[in-house]
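Residue numbers (UniProt numbering): 55 to 333.
Beta carbons are placed, not taken as given, at the ideal position from N, Cα and C, and that holds for glycine.
Worksheet: the structure to be examined is printed underneath.
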Ligand code: KIV
Ligand code: NA
């Protein structure tokens, strides 16, 4: 498979072929996503929860993101990689944001960065873009701002709120973003916004009218314990947690009963050596 570049993504967009994106947070999760043919791999700050066990994304540091980005980059041969700028690493000034973005590229070894926010982030997106670093914007529901939004709420449900989503989309496009994530927006609003733009929208909980889709890998694989809350938009394509649990339980049982290791898992030596050794 040929490496996906920014030109590949633009060409998919022109052909109206949906762009596929999934998150990854380490070498194996990136390896399988790359093998499965994803166009884009996002090292999302959702790794705070799914890989580090944190409450939400507000705790994760740029340094921690860099470690995960590096391991994802090592596994990714073809997909276009995006590193998520975590909360606190880009809001202070466009200069702070560019400094963080450069670290993402140089140390994290990814090809582009993502940051949350609409028109208010336009100068920041412009600053990073002008330095030659592609920026994926993220509007609609922006999880890093959950405390200000009053939780994880669908955005764009009223006329005023839908207009805000459109304004944000146009602003981040004008600032130079190469594409944008549209999260938790009614399908009609996302479709209309997508039509108004000349860059791709990557939807998550934004219906079928976007230019592409993204999902959190552990969610779509079912790689989490029973009882976890899943947003409405997640389709669970697998049941990895149950499979892993069943396998580990069987291993436990077989060790306890001495069924494992069996002869075929054991290194042989010659009989004479054994009898000599036993003397
Ligand atoms: O952190 C993340 O996984 C994300 C995607 C859900 C877009 O930002
Ligand atoms: Na994120």
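In the three-state scheme derived from DSSP, where H, G and I count as helix and E and B as strand, residue 222 is classed as helix.
Closest in C-alpha terms to residue 236, from the list 202, 230, 197, 214, comes 197. Here residue 67 is buried: its Cβ has 16 or more other Cβ atoms, across all protein chains shown, within 10 Å. With respect to residue 135, residue 164 sits close: the two C-beta atoms are nearer than 9 Å.
Excluding five sequence positions before and after residue 93, the CB atoms of its chain that fall closer than 8 Å to its own CB belong to 58, 62, 63, 66, 73, 74, 75, 133, 134, 266, given in chain order. Between residue 140 and residue 116, the beta carbon gap of about 6 Å places them in contact (Cβ cut-off 8 Å).
Rounded to whole angstroms, residue 203 and residue 110 show a C-alpha spacing of 14 Å. Within the same chain, Cβ atoms closer than 7 Å to the Cβ of residue 248 are found at 255, 263, 264, 265, the five residues on either side in sequence being excluded. Your pair residue 229 and residue 300 does not check out as a contact, with CB atoms roughly 49 Å apart and the cut at 8 Å. Within the same chain, Cβ atoms closer than 8 Å to the Cβ of residue 305 are found at 314, the five residues on either side in sequence being excluded. Counting along the chain, no alpha helix (DSSP H) covers residue 139, and no H or E run does either. For residue 100, the CB falls within less than 8 Å of some heavy atom of ligand 2. If you look at residue 75, you'll find it in the beta strand (DSSP E) that goes 73-77. Using a Cβ distance threshold of 9 Å, residue 124 and residue 161 count as a contacting pair.
The residues 172, 173, 176, in chain order, have a CB closer than 7 Å to that of residue 225 in the same chain once the five nearest residues on each side in sequence are set aside. Between residue 178 and residue 146, the alpha-carbon positions lie close to 10 Å from each other.
Within 8 Å of the C-beta of residue 110 there is not a single heavy atom belonging to ligand 2.
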